[in-house]
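Here's the structure we're looking at; comments come further down.
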Amino acid sequence: MVRPRYSRPAKPYVYPASELRDKVRTLACSGSVNHAAIAKLADGSTIVASIPAVESSQLYDQVFQQFRTDVKALAAHQTSAKDLLVLCDQLRDVHLWNLGIYLEDRNSPQPALVRPLDKLLVEARAERESAGTAKAKAKLEQEAREAEMKMKKELRERAKIDPRLMFRTSNGYSECDESGVPTVDAVGNVVSKNRRKKLIKE
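225 is the number of the first residue of the sequence shown in this note's numbering; add one for each residue after it.
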């Protein structure tokens, strides 16, 4: 979490990064992505060198420089607007968040609000992530129940079929013995002993 004494070292790097991010997001959401304009924005984005660089500013500088590099790389590869927005979200939700900085997006043309993380923001995010995890778990459990119900239904349907006729109508086999167990597959190969055992069990 950012403490007051880190606010000055962070400012020359975080604000230019946030400003570049705002402009990239605006272009990405414009409907027709101008990759040349985005690359030009990244090239023209520089730090606000209002205070001497200190050791505590290095991490902020690294995040800013990496974001510029990534923006230019995506622009050079003419990537989709979605990829650009994902990169912008990573800057907000991962890189700056890990340095104790929070970007609060606002409606265009207002720039994102830059502020230090506080306890309420951290707790709110933890609650959202916990709710998301619970929702994902519930979805997986529901899918598992539906798959089990589908399997049981299929088994019930198969149980109604006379075992002697079960494989005779299958496209996978061309010949069956008197018990209905396949002896020759669709391409004329004799069914192996191991395969025959499995078919008998089935």
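All residues carry an ideal CB built from backbone N, CA and C; glycine is no exception. Owing to the predicted nature of the structure, the values given are computational and were not obtained by experimental measurement.
So, using beta-carbon positions, are residue i and residue j closer together than 9 Å?
i    : j    : result
G404 : R382 : no
S242 : P333 : no
A261 : V295 : no
P236 : I271 : yes
A252 : A300 : no
E426 : M390 : yes
R249 : D307 : no
Could you compute how far the alpha carbon of residue i sits from the alpha carbon of residue j?
i    : j    : result
Y239 : V338 : 7 Å
Y326 : E372 : 44 Å
K384 : G356 : 43 Å
K421 : E378 : 21 Å
A348 : A358 : 15 Å
K361 : T303 : 33 Å
According to DSSP, simplified to helix, strand and coil, what is residue i?
i    : result
E312 : Here residue 312 turns out to be Cys, not Glu, going by the sequence shown. C312 falls in the helix class under three-state DSSP.
L344 : helix
T303 : coil
S403 : coil
R339 : strand
D409 : strand
I325 : strand
V248 : helix
So, is residue i buried or exposed, given that buried needs 16 or more other C-beta atoms within 10 angstroms?
i    : result
A297 : exposed
L244 : buried
C312 : buried
D386 : exposed
V318 : exposed
V310 : exposed
A266 : buried
At a cut-off of 8 Å, is residue i close to the ligand NAD when judged by its beta-carbon and the heavy atoms of the ligand?
i    : result
K247 : The ligand NAD is not among the ligands present in this structure, which contains no ligands whatsoever.
Within 9 Å of any Cβ in chain B, is that where the Cβ of residue i sits?
i    : result
A234 : Judged by its chain identifiers, the structure shown contains no chain B, having just a single protein chain.
Can you confirm whether the region 252-261 touches the region 342-352 when touching is taken to mean that 3 or more C-beta pairs between the two stretches lie within less than 8 Å?
no
Quiz item: Given 8 Å as the limit, is there contact between the region 410-423 and the region 391-401, that is, 3 or more CB pairs closer than that?
Solution: yes
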